[in-house]
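A short worksheet on the structure shown next.
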Amino acid sequence: MAVNIKGAESGSGQLVTRIDGWPRYSESLGVEEMEILITGATGQLGREVVPRLLKRGDHLKLLVRDVAKAGRMFPDCDLIQGDIVRDDLGITEPLKPDAVYHLAADINLGTKHDDRVWAINYEGTANVVRFCERNSIPYLSYAGTAYTEKCRNAYEKSKKAAEQLVESSQIERKTIFKIGILVPSLEEASKASTEAPYLLARAICMIHDRDEVVKKRLAGTLQSPIQELKFRVKGMPDAKLNLVPVDIVSDFIVKTTVSGKFWLTHPNPPKLGDLLKWTGEVLSISIELVPEFEMTAIEAQFHEGAEPFLPYLLGDDFPSHLEGCPDISAEFARGSVAHSIINLNGALPSKWLK
Numbered sequence: 097m098a099v100n101i102k103g104a105e106s107g108s109g110q111l112v113t114r115i116d117g118w119p120r121y122s123e124s125l126g127v128e129e130m131e132i133l134i135t136g137a138t139g140q141l142g143r144e145v146v147p148r149l150l151k152r153g154d155h156l157k158l159l160v161r162d163v164a165k166a167g168r169m170f171p172d173c174d175l176i177q178g179d180i181v182r183d184d185l186g187i188t189e190p191l192k193p194d195a196v197y198h199l200a201a202d203i204n205l206g207t208k209h210d211d212r213v214w215a216i217n218y219e220g221t222a223n224v225v226r227f228c229e230r231n232s233i234p235y236l237s238y239a240g241t242a243y244t245e246k247c248r249n250a251y252e253k254s255k256k257a258a259e260q261l262v263e264s265s266q267i268e269r270k271t272i273f274k275i276g277i278l279v280p281s282l283e284e285a286s287k288a289s290t291e292a293p294y295l296l297a298r299a300i301c302m303i304h305d306r307d308e309v310v311k312k313r314l315a316g317t318l319q320s321p322i323q324e325l326k327f328r329v330k331g332m333p334d335a336k337l338n339l340v341p342v343d344i345v346s347d348f349i350v351k352t353t354v355s356g357k358f359w360l361t362h363p364n365p366p367k368l369g370d371l372l373k374w375t376g377e378v379l380s381i382s383i384e385l386v387p388e389f390e391m392t393a394i395e396a397q398f399h400e401g402a403e404p405f406l407p408y409l410l411g412d413d414f415p416s417h418l419e420g421c422p423d424i425s426a427e428f429a430r431g432s433v434a435h436s437i438i439n440l441n442g443a444l445p446s447k448w449l450k
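Residue numbers (the working numbering): 97 to 450.
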């Protein structure tokens with residue numbers, strides 16, 4: 097799917113533009129292919145970026161903690177056991193790749209794991225930067241987040257500090273990608289499972305004890321009609337949640353190797369009111385976003401657990417370099433929510449809960 101690439105902020109604050117035909121970074125080095133060290137290869141973003149880099153013809157070395165798991169996923173890549181939270185990334189062998197793609201991150205929004213979030217997102221990035229500087233690695237591609245300005249939690253604070261580290265580093269060339277909230281590609285709604293937007297839907301489902309009933313209805317095996325419930329969530333219905341398909345983001349990252357800062361956010365993100373309406377249609381629950389209201393017991397129970405995610409229901413606005421990104425449709429939203437419910441394992445989602 098074609099997506100136009102607009103200008104991006106360079107390190108000097110000027111705009112740089114990537115156009116079709118821009119030379120690959122390997123070409124600028126005078127080599128046919130790059131040797132690239134990648135962190136976060138087994139994560140949601142890494143699983144999409146790695147195959148694209150292989151297709152591009154680069155030689156990949158994946159820094160992983162679980163070699164067996166990574167080997168099953170990527171049999172055509174070299175695996176290096178290590179960890180970004182360790183000095184020199186835990187790498188004991190001599191290694192000087194042409195580039196590092198730092199995709200690893202901890203996206204937990206709750207307060208329970210603040211120390212781990214800071215260690216992975218900030219200290220891990222500091223170790224990556226030091227590794228590049230010590231070994232004179234000329235290029236770093238960094239997967240950041242669009243959500244850095246409000247510093248609402250340890251995740252946002254750690255990613256902002258990490259981005260500043262990359263910007264101020266002595267690495268010759270660095271590309272910073274400020275990414276929205278990743279969802280599956282629009283053709284693969286069935287891959288929805290534990291990402292933050294779907295945890296919200298799953299929590300609403302399970303707090304109403306509807307998981308098995310909804311599963312049966314989705315499978316067409318429910319014998320009697322399901323009663324529609326009403327449920328209110330604190331938020332702004334016209335505000336927007338910046339969901340962006342992971343395949344669009346991955347294509348951009350692989351095709352873009354110029355220095356600069358790129359906003360990989362949806363230029364026309366869906367309204368929160370629409371997202372919850374579509375979610376409710378899957379759950380047979382009429383979900384209404386309301387700025388302020390007196391909560392029922394079940395609404396209060398939900399909001400207590402969902403507290404880390406609630407600030408995002410007030411909306412955020414970002415610039416975007418993803419011109420032509422397809423809209424998040426009602427069909428995709430309903431389909432991906434349905435598959436996230438089908439994949440429920442019987443435990444209340446806790447990744448972003450306190």
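Note that beta-carbon positions come from the ideal geometry of N, C-alpha and C, so glycine has one too.
Exercise for the section: Tell me whether Ala-222 sits in a helix, a strand or coil according to DSSP, three-state version. Expected result: Here residue 222 corresponds to residue number 126 of the sequence shown, with the count starting at 1. Reduced to three states, the DSSP call for Ala-222 is helix.
Problem - Beta bridge counterpart(s) of Lys-336 as assigned by DSSP - result: Position 240 of the sequence shown, counted from the start, is the residue given in the question as residue 336. For Lys-336, which the question treats as bridged, DSSP gives the partners Lys-367.
Practice task
Please determine, among Phe-398, Asp-172 and Ile-383, the residue with the shortest C-alpha to C-alpha distance to Glu-324.
Solution key: Taking the first residue of the sequence shown as position 1, residue 324 is located at position 228. Of the candidates Phe-398, Asp-172 and Ile-383, the one whose C-alpha sits nearest the C-alpha of Glu-324 is Ile-383.
Practice task
Determine contact between the region 244-264 and the region 369-385, defined as no fewer than three beta-carbon pairs at a distance below 8 Å.
Solution key: no
Handout entry: Residue of Phe-358, Leu-406, Leu-379 and Phe-405 minimising C-alpha distance to Ser-416
Key = Numbered from its first residue, the sequence shown carries residue 416 at position 320. Nearest of Phe-358, Leu-406, Leu-379 and Phe-405 to Ser-416, Cα basis: Phe-358.
Problem - Lys-240, DSSP secondary structure in three states - result: Against the sequence shown, residue 240 aligns to sequence position 144. For the record, residue 240 in the displayed sequence is Gly; it is not Lys. Reduced to three states, the DSSP call for Gly-240 is strand.
Exercise for the section: Would you identify the three-state DSSP class for Gln-177, choosing helix, strand or coil? Expected result: Counting from 1 along the sequence shown, the entry for residue 177 is found at position 81. Note: Gln-177 maps to strand in three-state DSSP.
Handout entry: CB contact below 7 Å: Cys-421 versus chain C
Key = Although the question refers to chain C, the structure presented lacks it and comprises just one protein chain.
Exercise for the section: State the beta-bridge partners of Arg-269 as determined by DSSP. Expected result: Taking the sequence shown and counting its residues from 1, one reaches residue 269 at position 173. Looking at the DSSP assignment, Arg-269 forms a beta bridge with Tyr-235.
Handout entry: Ser-382 in three-state terms, based on DSSP
Key = Numbered from 1 along the sequence shown, position 286 holds the residue referred to as residue 382. Looking at Ser-382 - three-state DSSP - the assignment turns out to be strand.
Practice task
Determine, using beta carbons only, whether Leu-156 and Ile-176 come nearer to each other than 7 Å.
Solution key: Position 60 of the sequence shown holds residue 156. Position 80 of the sequence shown holds residue 176. Contact flag unset, no.
Exercise for the section: Assign Val-163 to one of two classes, buried (16 or more other C-beta atoms within 10 Å of its C-beta) or exposed (fewer than that). Expected result: Indexing the sequence shown from 1 puts residue 163 at position 67. It counts as exposed.
Exercise for the section: Can you tell me which of the three DSSP states Ala-200 falls into? Expected result: By 1-based counting over the sequence shown, the position of residue 200 is 104. Three-state result, Ala-200: coil.
Practice task
May I ask you to report which of helix, strand or coil DSSP gives Val-456?
Solution key: The shown model of the chain, from 97 to 450, leaves out residue 456, and the question about it has no answer.
Problem - When Asp-210, Leu-185, Leu-205 and Asn-249 are compared against His-198, the one with the closest alpha-carbon - result: Taking the first residue of the sequence shown as 1, we reach residue 198 at position 102. Checked all of Asp-210, Leu-185, Leu-205 and Asn-249; the closest Cα to His-198 is Leu-185.
Practice task
Look at Ser-346 and Glu-129 and say whether their C-beta atoms are less than 7 Å apart.
Solution key: Residue numbering aside, residue 346 sits at position 250 when the sequence shown is read from its first letter. Residue numbering aside, residue 129 sits at position 33 when the sequence shown is read from its first letter. At a Cβ-Cβ threshold of 7 Å, Ser-346 and Glu-129 do not count as neighbours.
Exercise for the section: Please confirm whether Phe-405 and Ala-242 have their CB atoms less than 7 Å apart. Expected result: The count along the sequence shown starts at 1 and reaches residue 405 at position 309. The count along the sequence shown starts at 1 and reaches residue 242 at position 146. Not a contact, by the Cβ cut-off of 7 Å.
Handout entry: Phe-348, buried or exposed, once every other Cβ within 10 Å from all chains shown has been counted against 16
Key = Reading the sequence shown from its first residue, position 252 is the one you call residue 348. Looking at its Cβ environment, which holds 16 or more other Cβ atoms inside 10 Å, Phe-348 is buried.
Problem - Cβ-based neighbour list, Asp-179, same chain, cut-off 6 Å, excluding 5 preceding and 5 following - result: Translated into positions along the sequence shown, residue 179 becomes position 83. Around Asp-179: Arg-161 and Gly-186.
Problem - Whole-number beta carbon distance between Ile-267 and Val-225, since they are thought to touch under 8 Å - result: What you label residue 225 is simply residue 129 of the sequence shown in a count that begins at 1. What you label residue 267 is simply residue 171 of the sequence shown in a count that begins at 1. 7 Å between Cβ atoms; contact.
Exercise for the section: Decide if Glu-252 is buried, meaning its Cβ has at least 16 other Cβ atoms within 10 Å, or exposed. Expected result: Residue 252 sits at position 156 when you count from the first residue of the sequence shown. Under this definition Glu-252 is a buried residue.
Exercise for the section: Identify the continuous alpha helix (DSSP H) that holds Arg-328 and give its terminal residues. Expected result: For the purposes of this step, residue 328 is identified with residue 232 of the sequence shown, where counting begins at 1. Arg-328 -> not in any alpha helix (DSSP H); beta strand (DSSP E) instead, spanning 325-330.
Problem - alpha helix (DSSP H) segments (min. 4 residues) lying fully within the region 141-176 - result: 142-152 and 163-169
Problem - CA nearest to the CA of Leu-150, picked from Glu-400, Asp-174, Met-391 and His-362 - result: Counting from one through the sequence shown, the residue named residue 150 turns up at place 54. Ranking Glu-400, Asp-174, Met-391 and His-362 by Cα distance to Leu-150 puts Asp-174 first.
Practice task
Assign Pro-190 to one of two classes, buried (16 or more other C-beta atoms within 10 Å of its C-beta) or exposed (fewer than that).
Solution key: Sequence index remark: in the sequence shown, residue 190 carries index 94 (1-based). Exposed.
Practice task
Take the Cβ of Ala-452 as the centre, count every other Cβ of all protein chains shown within 10 Å, and call the residue buried at 16 or more, exposed below.
Solution key: Residue 452 lies beyond the residue range present for the chain, which begins at 97 and ends at 450; the question has no answer from this structure.
Exercise for the section: With DSSP as the reference, please indicate the residues paired to Phe-358 in a beta bridge. Expected result: Walking along the sequence shown from the start, residue 358 turns up at place 262. In the DSSP assignment, Phe-358 forms a beta bridge with Phe-273.
Problem - Assumed close pair Pro-280, Leu-339 - CB separation to whole angstroms, cut-off 8 Å - result: Within the sequence shown, the letter at position 184 stands for residue 280. Within the sequence shown, the letter at position 243 stands for residue 339. The pair is not a contact, with the Cβ atoms about 10 Å apart (cut-off 8 Å).
Problem - Endpoints, beta strand (DSSP E) assigned at Glu-395 - result: Taking the sequence shown and counting its residues from 1, one reaches residue 395 at position 299. No beta strand (DSSP E) contains Glu-395, which is instead part of the alpha helix (DSSP H) from 393-401.
Exercise for the section: Report the partner residues of Val-279 according to the DSSP bridge assignment. Expected result: Position 183 of the sequence shown, counted from the start, is the residue given in the question as residue 279. Answer is Pro-341, bridged to Val-279.
Practice task
Taking all protein chains shown into account, decide if Thr-138 is buried (16 or more other Cβ within 10 angstroms of its Cβ) or exposed.
Solution key: Indexing the sequence shown from 1 puts residue 138 at position 42. Under this definition Thr-138 is a buried residue.
Handout entry: Residue burial classification, Arg-212 (beta-carbon count within 10 angstroms, cutoff 16)
Key = To locate residue 212, count along the sequence shown from 1; it is residue 116. Exposed is the call here.
Practice task
Check whether the Cβ atoms of Val-181 and Glu-229 lie closer than 7 Å to each other.
Solution key: Counting from one through the sequence shown, the residue named residue 181 turns up at place 85. Counting from one through the sequence shown, the residue named residue 229 turns up at place 133. Glu-229 is positioned such that its CB atom lies no closer than 7 Å to that of Val-181.
Practice task
Confirm, please, whether the CB-CB distance from Pro-366 to Ile-303 is below 7 Å.
Solution key: The residue you call residue 303 lines up with position 207 of the sequence shown. The residue you call residue 366 lines up with position 270 of the sequence shown. In this structure, Pro-366 does not lie closer than 7 Å to Ile-303 by Cβ.
Handout entry: Buried or exposed (CB count within 10 angstroms, at least 16 for buried), Gln-140
Key = Against the sequence shown, residue 140 aligns to sequence position 44. It counts as buried.
Practice task
In angstroms with no decimal places, state the Cα-to-Cα distance between Ala-258 and Leu-296.
Solution key: Position 162 of the sequence shown holds residue 258. Position 200 of the sequence shown holds residue 296. Rounded to the nearest angstrom, the two C-alpha atoms are 27 Å apart.
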